[in-house]
Structure formats: C-alpha cells, structure tokens
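Report on one structure; see the data block that follows.
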Amino acid sequence: MTQRITTVQEMKDIVRALKKEQKQIGFVPTMGALHDGHLTMVKTSLKKNDITVVSVFVNPLQFGPNEDFDAYPRDIESDQEKLDALGTDYVFYPSVEEMYPKPLALSVKVNRMAEVLEGAKRPGHFDGVVTVVNKLFNIIRPDFAYFGKKDAQQLAIIERMVAEFNHSIEIIGVDTIREADGLAKSSRNVYLTVQERQEAVHLYQSLIKAQKRYDAGERNSAVLINVINEHLTKNTSGSVEDIAIYSYPELVEQPQITGQIFISLAVKFSKARLIDNIIIKGDNHD
Ligand code: PAF
Numbered sequence: 001m002t003q004r005i006t007t008v009q010e011m012k013d014i015v016r017a018l019k020k021e022q023k024q025i026g027f028v029p030t031m032g033a034l035h036d037g038h039l040t041m042v043k044t045s046l047k048k049n050d051i052t053v054v055s056v057f058v059n060p061l062q063f064g065p066n067e068d069f070d071a072y073p074r075d076i077e078s079d080q081e082k083l084d085a086l087g088t089d090y091v092f093y094p095s096v097e098e099m100y101p102k103p104l105a106l107s108v109k110v111n112r113m114a115e116v117l118e119g120a121k122r123p124g125h126f127d128g129v130v131t132v133v134n135k136l137f138n139i140i141r142p143d144f145a146y147f148g149k150k151d152a153q154q155l156a157i158i159e160r161m162v163a164e165f166n167h168s169i170e171i172i173g174v175d176t177i178r179e180a181d182g183l184a185k186s187s188r189n190v191y192l193t194v195q196e197r198q199e200a201v202h203l204y205q206s207l208i209k210a211q212k213r214y215d216a217g218e219r220n221s222a223v224l225i226n227v228i229n230e231h232l233t234k235n236t237s238g239s240v241e242d243i244a245i246y247s248y249p250e251l252v253e254q255p256q257i258t259g260q261i262f263i264s265l266a267v268k269f270s271k272a273r274l275i276d277n278i279i280i281k282g283d284n285h286d
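Right under this line is the structure:
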C-alpha cells in the first residue's frame, strides 16, 4: 500500500530516516491524473531505486490566468489505486496552502530557454515549473528524478537547472508513451471530443512524415515544417499553433539541421491544446 503523505514536514522526516538507512530514492513529479506515461516512469524508478516517491500536485504557479488550473483533471483515489498496484512506496500529495503557505517572496526565473516554444506561448510557465521542482527536490532529496520526453523543453530546462543549481540529482528522460494509434498519452486528452480524438492521431503522423523526409536527406527546416503544417491542416480541425525545429537540449532555432534537434508542434482543439515532438539525433551524433 502506497503511503500518502500530505505535509512537507512529514515527507522531510521520512526522507531523513531513509537517507540514514542509505536508501536510494527515485522521484517522479506529476500533477496527477496518472496515465501510462506516468506509470512507465514510476516502473522505471521502482526497478532502479530502493524507494520510489511520486508527487501529485497541480501547481498553480505554472498556469496562466486563462489556462485550465481549475478544470485540470484531479482524482487522487484513482491515482493512488494505480500507484498501489505498482507497489509505489510513497505518494506526496500536499495542498496548495501546504506548498505555498505565504505569497512567494522569491521565485526562480528561467531566461532564454523559456523564451521560445511553449515558454513563449505560456509566459511564466517554466518559472512556475522550476520553482515547484526546486521545492520538491529540496523536500524529497532524490538520487534520480524522472521526467517525460513528451515535455522536451521542460526536460531540457530541468537538466539545465540541476547543473546550474548544483543539485546532486540525476535526471532521467523517459520516452513518450503513445496510444496504439500513436497519440501521445496526456492527461489533457480527456478534453478531446470523439471527432478530435480521431484527428489527434495526425499529430504524431505528421511528425513521422517529417522524420521520413529527414531520413531521405532533407535538412531544410522550413521544408520539414511545411510538410507537417500541410498534413495537420488537411487532417485536423484544430488550429496549428506552433511547429518548430530547435537544437536539443540547447533550444536554439535551426533553419538548417546539423546536430541533434527536436521537432515540436502544438495544436489547439476546442478544449485541449496538445503538444508532441520527436527528437532526431542528427548527423553529428552516434
Ligand atoms: O510535467 C508536469 O507534470 C509538471 O510540470 C511537473 C514537473 C510535475 C511540475 O509541476
């Protein structure tokens, strides 16, 4: 049975005792509504570590004023059942008041890496992510922490934060888990209408199409972006908000592709804005 911990003090006391026993701690931060993508990260952590802690916290700091903080799916009982079934040790489930008892006098500000892609569309989002992840890292003090590659920009920023703030934590990027038809698993998929759900398979299909053109030798980003745009416009009713090719993990725009890159896209459906990406190792990578 996964032990549910709701206060920072109790979580810190448990971690202190675990550290005394020299237990290796794996940590999977989440906002709940757990799906197979999260559960894959939990399983990866369970295999590698003595103890696995999962946090479930919908972090208000990373939502903009017109975003879905209130509507974000929350179901701790169902999350807990899934974690129990895997044999997870602890779920850290604090309230907003517990995490932010007073208005913050300080926060962490992400510079250039947050000014592009999702960060450009969602001002302040990555400042909120990095602030809460810092707090969670300080409370849980994990040896390994697991983040999905689906949020590739988040993963790159967290890796950079760990390096720049000298956290003694190794970040593990976990591959995107997809539905049988290729749609990336996401807590926001529940917002899709039946028709949009059918159309949503084209997000990944458009990326695969671009990957094929890349494999056939195309290195001009504008051409690949056009391939994706045409595919999405033809096959979905959503509005294509962003298609971009950036170096990874540096996150610099690449008009002409040389090294490792990621191709990312965002499509806005009636109630859900979905993102997806693929990372391509590039010519200079092994
Ligand atoms: O990826 C998420 O679910 C969130 O951004 C995270 C890392 C749990 C921080 O709130």
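Reminder that position 27 of the sequence shown reads as 27 in full-length UniProt numbering, one-by-one numbering, no gaps.
All C-beta atoms, glycine included, are put in the ideal place defined by N, C-alpha and C.
Note that the coordinates shown come from a computational prediction; the quantities given were computed from them, not determined experimentally.
Taking the beta carbon of residue i as the centre, do at least 16 other beta carbons fall within 10 Å, making it buried, or is it exposed?
i	result
residue 267	buried
residue 49	buried
residue 56	buried
residue 128	buried
residue 196	buried
residue 142	buried
residue 237	exposed
residue 29	buried
residue 87	exposed
residue 290	Nothing in the structure corresponds to residue 290, since the chain is present only between 1 and 286.
residue 114	buried
Please report the residue range of the beta strand (DSSP E) in which residue i lies.
i	result
residue 170	170–174
residue 194	No beta strand (DSSP E) holds residue 194; the alpha helix (DSSP H) holding it covers 194–199.
residue 163	Unbroken run through residue 163 is the alpha helix (DSSP H), 152–164; no beta strand (DSSP E).
residue 126	No beta strand (DSSP E) holds residue 126; the alpha helix (DSSP H) holding it covers 125–140.
residue 42	Segment 36–48 is the alpha helix (DSSP H) holding residue 42; no beta strand (DSSP E) there.
residue 257	No beta strand (DSSP E) holds residue 257; DSSP gives it neither H nor E.
Following a CB-centred definition, is residue i positioned closer than 8 Å to any heavy atom of the ligand PAF?
i	result
residue 132	yes
residue 151	yes
residue 264	no
residue 26	no
residue 189	no
residue 107	no
residue 57	yes
residue 147	yes
residue 29	yes
residue 174	no
residue 62	yes
Please look up how many angstroms separate the CB atoms of residue i and residue j, rounded, as I've assumed it's under 8 Å.
i	j	result
residue 146	residue 6	That pair is no contact at about 22 Å.
residue 288	residue 126	Absent from the structure is residue 288, since the part of the chain shown begins at 1 and ends at 286.
residue 89	residue 3	7 Å
residue 36	residue 177	5 Å
With respect to the alpha helix (DSSP H) encompassing residue i, which residues constitute its N-terminal and C-terminal limits?
i	result
residue 232	221–235
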